[in-house]
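There are 2 protein chains.
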Amino acid sequence: MKTRFYNARILTMADGPSVFQGELVVTDKKISFVGEHAPADQYDREINCEGNVLMPGFKNAHTHSGMTILRSSADDMPLQNWLNERVFPFEAKLTGEDIYHLSKIAILEYLTSGVTSVMEMYLTPPEIADAFRSTGMRIVQVGACNNFSQTPELIEKWYNELNAPVEEGTTPLTSFEIGFHAEYTCSESLIEQFAALAEKYKAPVYTHISETRSEVDGCIERYGMTPVAFLASKGIFNYGGAGYHLVHTTPDDWAIMKEKGIGVVTNPASNTKLASGVAPLTDYLREGITVALGTDGPASNNCLDMFREMFLATGLGKLREKDASAVPAFDVLKMATVNGAMIMRQPLTACLKEGYTADLIMLDLHQPNMQPLNHIPNNIVYSGSKLNVLMTMVDGKILYDRFDGKLNFHVGTDPEEIYRRGAEIRDRILG
Amino acid sequence: MKTRFYNARILTMADGPSVFQGELVVTDKKISFVGEHAPADQYDREINCEGNVLMPGFKNAHTHSGMTILRSSADDMPLQNWLNERVFPFEAKLTGEDIYHLSKIAILEYLTSGVTSVMEMYLTPPEIADAFRSTGMRIVQVGACNNFSQTPELIEKWYNELNAPVEEGTTPLTSFEIGFHAEYTCSESLIEQFAALAEKYKAPVYTHISETRSEVDGCIERYGMTPVAFLASKGIFNYGGAGYHLVHTTPDDWAIMKEKGIGVVTNPASNTKLASGVAPLTDYLREGITVALGTDGPASNNCLDMFREMFLATGLGKLREKDASAVPAFDVLKMATVNGAMIMRQPLTACLKEGYTADLIMLDLHQPNMQPLNHIPNNIVYSGSKLNVLMTMVDGKILYDRFDGKLNFHVGTDPEEIYRRGAEIRDRILG
C-alpha cells in the first residue's frame, strides 16, 4: 500500500520549527519519502492536503484509558475523596472485559486529538493490549503494581508475553515496560523487587513520582528522602525510565534525574484539576531533562486532548515563573511529539523522516483559529484544537479522518456500539 | 421563519444543571417554545438534534477581535516587550478597514466555539460594528479611550450613534457602552471625564482593572489607592459596570465591587500566557460578585475558545486555592453564559426561555470526549471542545453549522476570502 500526500506543509520536527511545502509518501507502515516532489510512481492513494500541515502524531505519554467510565462523575472533589469515594470503589468492580470496552472510548478520543500512541498504566494489561491491537492504535503499557493489585511476578510475565519480537526498523503496535504505581502505594520490599527486575532485564522503569506535596512529605517521613532520591537509591532507575507528574521536586532531585536519565511526563490538566500543583518545567528544560506530555486518565482531566495539555504546559510554566517567555511554544511541541517518542522508547515515531514509522497527522489550517498564518508551530500550540485534526495515521493506516468533515473512525467497530457498551458498564458499575 | 428543534437534550441554564429531553421552537428572532413537545404547527424547518444538547450560546465578555493579525507573532515575550515591540507599533498602522476585515476572522472563530455574542474593546467602533452587523454576529462594544487614542467626546458620540433604539423584548445586534482602556493609560482628568459621562447617562462603565501586579503598584504609588478603590472614588462605577481581568485585588476591593455592583470578566488564558497571575474567583463567588468569562484578544491567548477558558477558570481556581473542589463546573458554565449576558446588559440572551432571544448552540454528544454520558454540564466544562459545536444560532439565524460535518459559515462572505484579506493586511503591516 503506497499513499502519496501532496500539496502539504510539512513540519518534520527533525529540523526545528521550519515548515516547508512538499510531499510525503507512506509505503505500508513506513514513511518512504519526505521532500519537495515525490518520485513518479504508481500510488494506491493520492491525498491532496490542500496546504494543510503534516506532522508527527502526538504522543500521550501518560494515561489510564479505562477510566473513561468515571469521566464527569468524579469532579470538583478533593484528591483523597476523589480516590477513596469515586476511584477505588468503582475500579474494584471493573472486569478485564469492561476495561477492554472502556479503553476503546479513549482510543476514539485519542484519534480525534491527533494522538498516535499512548503510554498506559492500568489494571488489566492483556485486555488493554487486545483493545489497542484490535483498533490498530499504538500503546506502550507499563505495570501498575501496588500493594493491592498486580505483582512483580505478573509484571515480569507481561513483560515477557506482551513484548513480541520486533522486526528491525519497525515499531511494535503494543509493548510493555516495567512499572509500578508509586512509592506511596508500594512497600519497600515491593520496590526492591522492581529494582531487581530492572537489573535482571537491564530495563527502564516507569512510575508516578512526586505528584502531590503530601506524597513527598510522606516519603520523607518514611525514608528520610524525597521519592526521586529514594527510588534512585533503590536502583529503580539504573537503566533509566521516567516519572509521571514530578510536580514537587528539588534541585537535588534534578541532579539525580540528570544522572540517571529519568524523563518527566508532565500532566498539566490533571495537576490543575486535582489542585496538585505546577511542575517546574523551566528547571527541567534548563537542566536538559527530557520532558514529555500526558493527559493522565479521563477521571482527572477529563479530556484526552493534547492541545489542552500543550497550552497548559506553556501557560502554567509562564505563571509559575511569572515570566511570559517561559516554556516557549516549540519546546512544548517537542514534548508532545519527539520527547514522548523517546520516553516511550519508540524513536522511529519521533519525527517525519524516510524509513521512520508512519505515525502522523494532518491539521487543518483553513480554519479561523489558524489565521492569519503567522507562525505555524505557535498556531498549533497556542490556537490549535481537535477541530483542526483532519487525519490521524498510525503505523501507516488512517485510523481517523475528517476529509469529508464527519468524524470517520476506521477502527473495526462502530463508535455508537463502543458508546453503547460504555453506557452499559456505567449503568452496572455506577448505578 | 419558524424552526422546530426536536429530539434534543435541553440545558436551559434557567433551572440549575438539569437537562431534559425535549423540543425548542425559534420564531424569527425569539425562542417561542421550550418544553417536552412543541405544538403542532407549520414549521419552515425541522431539525433532528439526535439527542444532542441545546443550550444558550457562550458570551465572550472581553475581547479585542481585530488583534487576530498578531496571533502567533507575539508569543513567549514578557508583557512590556509584547506591548511595546509587537502590539503598539503594529496597531498604529491599522486602518478602520483593516480592523473590519481582521474582526471577521475573529467572528468566524467565535462561531466555531459556540460564542453568540462578544463584549469588544478596540480601536475603531464604527467599522467593528459594521463587521459584526454584516455577518449577523452580536457585539457589545465599549470605549477603549486612553491618553493617546479616542476621546471622551468620541465615546459619547459613539454611545449615542451606535446604540439604535431597541424594540421591546428584543436584543440589539450591536450596541455600545461607555468605557476606557485602563487607569494606567488614562490621566486623572480623563478618568474624571468618564465619571461625568457615566453620571450624565446614568450608565455603567467598563475598563481593564488590576490585570498585573505592577499596574496595581503603580496606581497605589500615583493615588495611594488600588485601581478599584481609585476608580470607584472618582464615581466611575456609580451606575455599575465591570472590570476586565481583576487578577490582583484585595478584600477591600471586593467590598467596593459588591457595593457598586462591579462585575468581573476573567480572562484566564490571557492571564496565563502573559504570566499576569490567577484571579481570585473563589473569593468573588463567595462574595456574590458576578463573574463572566472572556478570551481577551487573539494576541494574548491566542485562541478565541470558550472551552479553553472554562477549563482554565475552574482549573486555575483549584490550583490557586489548592483545593480540587474550588470553582465547580456549573458555576463556570454560568460564567460563560448567564453571567456574561448580565454583564453585557443583554438579559434576554442569558438562557433558553420562551420570549427570550434565540442565541443558542447545539453540542454533539456522539463524540468520544462526551462518553459515557455521566453528567452533561460537567462533560461540557471539563471535556468539551470546538469539535462538539454543531450549530451556533444568533438572533434566530444559524450563522454556523456542522450538520454535515463540514464547517459551514452563513455570514455573507466566503471564509477563504476573509482569510485572504487577513493575509494581505498581515503582509502589509507585519512585513
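Those protein sequence lines, which keep their order, are chains D and X.
Okay, so the first sequence: first residue is -16 according to this note's numbering, each after it adds one.
Okay, so the second sequence: first residue is -16 according to this note's numbering, each after it adds one.
Ideal Cβ positions, reconstructed from N, Cα and C, are used throughout, including at glycine.
Beta-carbon gap between Leu85(X) and Ile52(X) smaller than 9 Å: Here residue 85(X) refers to the residue found at position 102 of the second sequence. Here residue 52(X) refers to the residue found at position 69 of the second sequence. Note that the C-beta distance between Leu85(X) and Ile52(X) is below 9 Å.
Spell out a yes or no on whether the segment 60 to 68 of chain D and the segment 131 to 146 of chain D are touching, meaning 3 or more CB-CB pairs, one atom from each, closer than 8 Å. Taking 8 Å as the limit for Cβ pairs, the verdict is that the segment 131 to 146 of chain D does not touch the segment 60 to 68 of chain D.
Beta-carbon proximity check, Tyr365(D) vs Asn284(X), cutoff 9 Å: Taking the first sequence and counting its residues from 1, one reaches residue 365(D) at position 382. Taking the second sequence and counting its residues from 1, one reaches residue 284(X) at position 301. A contact, by the Cβ cut-off of 9 Å.
Under 9 Å, CB to CB, which of the residues in the segment 111 to 126 of chain D have a partner in chain X? Correct list: empty, as no residue qualifies.
Who pairs with Arg158(X) in a beta bridge, going by DSSP? Within the second sequence, residue 158(X) is the residue found at index 175, counting from 1. The question names Arg, but residue 158(X) in the sequence shown is Ser. For Ser158(X), which the question treats as bridged, DSSP gives the partners Val123(X).
Under a CB-based cut-off of 9 Å, is Tyr361(X) close to chain D? Taking the first residue of the second sequence as 1, we reach residue 361(X) at position 378. It should be noted that the sequence gives Asn, not Tyr, for residue 361(X). Judged by the 9 Å Cβ criterion, Asn361(X) is in contact with chain D.
Please list, in chain order, the chain D residues whose beta carbon lies closer than 9 Å to that of Thr95(X). Against the second sequence, residue 95(X) aligns to sequence position 112. Neighbours of Thr95(X) in chain D, taken as residues whose beta carbon is under 9 Å from its own, are Gln350, Pro351, Asn352, Ser368, Leu370 in chain order.
Local conformation of Val211(X) per DSSP, three classes: For the purposes of this step, residue 211(X) is taken as the residue at position 228 of the second sequence. It is helical.
C-beta neighbour in chain D for Leu229(X), strict 9 Å: Counted from its first residue, the second sequence places residue 229(X) at position 246. Leu229(X) does not count as touching chain D.
For the beta strand (DSSP E) containing Val310(D), list its first residue and its last residue. Taking the first residue of the first sequence as 1, we reach residue 310(D) at position 327. Counting along the chain, Val310(D) sits inside no beta strand (DSSP E), nor does DSSP assign it H or E at all.
Cross-chain neighbours of Pro398(X) in chain D, by beta carbon under 8 Å: Indexing the second sequence from 1 puts residue 398(X) at position 415. Chain D residues near Pro398(X): His349, Pro351.
Please say whether Gly224(X) and Val211(X) have beta carbons closer to each other than 9 Å? In the second sequence, residue 211(X) corresponds to position 228, counting from 1. In the second sequence, residue 224(X) corresponds to position 241, counting from 1. In this structure, Gly224(X) does not lie closer than 9 Å to Val211(X) by Cβ.
Any heavy atom of the ligand SAH closer than 8 Å to the beta-carbon of Leu343(D)? This structure lacks the ligand SAH; in fact it carries no ligand of any kind.
Once the 5 residues before and after Tyr339(D) are set aside, which same chain residues still bring their CB inside 8 Å of it? Position 356 of the first sequence, counting from 1, holds the residue named residue 339(D). So the qualifying residues of the chain are Lys13, Ile14, Leu331, Thr332, Ala333.
Which residue wins for smallest C-alpha separation from Thr46(X), given the options Ser253(X), Leu316(X), Gly271(X)? Counting from 1 along the second sequence, the entry for residue 46(X) is found at position 63. It is Ser253(X) whose Cα lies nearest to the Cα of Thr46(X).
Whole-angstrom C-beta distance between Glu270(X) and Val230(X), which should lie under 8 Å: Here residue 230(X) corresponds to residue number 247 of the second sequence, with the count starting at 1. Here residue 270(X) corresponds to residue number 287 of the second sequence, with the count starting at 1. Val230(X) to Glu270(X), Cβ: 16 Å. No contact.
Using beta carbons (cut-off 9 Å, strictly below), is Ile469(X) in contact with chain D? Coverage of chain X is limited to positions -16 through 414, which leaves residue 469(X) absent and any answer about it impossible.
Buried or exposed: which applies to Ser197(D), given that a residue is buried once 16 or more other Cβ atoms fall within 10 Å of its Cβ? On the first sequence, position 214 is the one that residue 197(D) refers to. With fewer than 16 Cβ atoms within 10 Å of its Cβ, Ser197(D) is classed as exposed.
How would you call Glu399(X), buried or exposed, if buried means at least 16 neighbouring beta carbons within 10 angstroms? Reading the second sequence from its first residue, position 416 is the one you call residue 399(X). With fewer than 16 other Cβ atoms inside 10 Å of its own Cβ, Glu399(X) counts as exposed.
Round the Cβ separation of Leu268(X) and Val261(X) to the nearest angstrom and send it over; I've been treating them as touching at under 8 Å. Residue 268(X) sits at position 285 when you count from the first residue of the second sequence. Residue 261(X) sits at position 278 when you count from the first residue of the second sequence. The pair is not a contact, with the Cβ atoms about 14 Å apart (cut-off 8 Å).
Can you find the residues in the same chain that come closer than 7 Å, C-beta to C-beta, to Glu110(X), ignoring five residues on each side of it along the sequence? By one-based count along the second sequence, residue 110(X) stands at place 127. Gly79, Glu80, Ile82, Tyr83, listed in sequence order.
CB contact flag (Phe41(X), Thr320(X), <9 Å): Position 58 of the second sequence holds residue 41(X). Position 337 of the second sequence holds residue 320(X). In contact: Phe41(X) and Thr320(X) (Cβ atoms closer than 9 Å).
Rounded to whole angstroms, what's the CA-CA distance from Arg121(D) to Glu407(X)? Just pull it up for me. The sequence position of residue 121(D) within the first sequence is 138, counting from 1. The sequence position of residue 407(X) within the second sequence is 424, counting from 1. Approximately 42 Å, taken between the alpha carbons.
Please report the distance separating the alpha-carbon of Phe163(D) from that of Leu180(D). Here residue 163(D) corresponds to residue number 180 of the first sequence, with the count starting at 1. Here residue 180(D) corresponds to residue number 197 of the first sequence, with the count starting at 1. Using only the alpha carbons, I get a separation of about 11 Å.
Coil, strand or helix - Val247(X) by DSSP: The residue you call residue 247(X) lines up with position 264 of the second sequence. DSSP places Val247(X) in strand when its eight states are reduced to three.
What residues in its chain sit with their C-beta under 7 Å from that of Ala147(D), if we drop five residues either side in the sequence? Here residue 147(D) refers to the residue found at position 164 when the first sequence is read from its first residue. Excluding sequence neighbours, Ala147(D) sits near Pro155.
Rounded to the nearest angstrom, what separates Gly97(D) and Asp266(X) at their Cα positions? As a working note, residue 97(D) is residue 114 in the first sequence. As a working note, residue 266(X) is residue 283 in the second sequence. Going by the C-alpha atoms only, they are around 38 Å apart.
What residues in its chain sit with their C-beta under 7 Å from that of Ala215(X), if we drop five residues either side in the sequence? Counting from 1 along the second sequence, the entry for residue 215(X) is found at position 232. Only Ile239, Lys243 meet the Cβ criterion.
Alpha carbon to alpha carbon, how far is Thr375(D) from Asp342(D)? Against the first sequence, residue 375(D) aligns to sequence position 392. Against the first sequence, residue 342(D) aligns to sequence position 359. Rounded to the nearest whole angstrom, the C-alpha separation of Thr375(D) and Asp342(D) is 8 Å.
Taking 9 Å as the CB-CB cut-off, is Ile408(D) touching chain X? As a working note, residue 408(D) is residue 425 in the first sequence. Chain X contact via Cβ: present.
Tell me the rounded alpha-carbon separation between Glu33(D) and His349(X). In the first sequence, counting from the first residue as 1, residue 33(D) sits at position 50. In the second sequence, counting from the first residue as 1, residue 349(X) sits at position 366. About 28 Å.
Using a Cβ-Cβ distance under 9 Å, would Arg385(D) count as near chain X? Counting from one through the first sequence, the residue named residue 385(D) turns up at place 402. So yes, Arg385(D) belongs to the interface.
Keeping to the same chain, check which residues put their C-beta closer than 7 Å to that of Lys76(X); ignore five residues upstream and five downstream. If you number the second sequence from 1, residue 76(X) lands on position 93. Correct list, in chain order: Ile412.
Assign Met(-4)(D) to one of three DSSP states: helix, strand, or coil. Locating residue -4(D) in the first sequence gives position 13, where the first residue counts as 1. Note: Met(-4)(D) maps to coil in three-state DSSP.
What residue does the alpha helix (DSSP H) around Ser100(D) start on, and which one ends it? Indexing the first sequence from 1 puts residue 100(D) at position 117. Membership of Ser100(D) in any alpha helix (DSSP H) is not indicated; the residue belongs instead to the beta strand (DSSP E) covering 98 to 103.
If you run the structure through DSSP and keep just helix, strand and coil, what is Leu343(X)? As a position in the second sequence, residue 343(X) is number 360, starting the count at 1. Leu343(X): strand per DSSP, three-state reduction.
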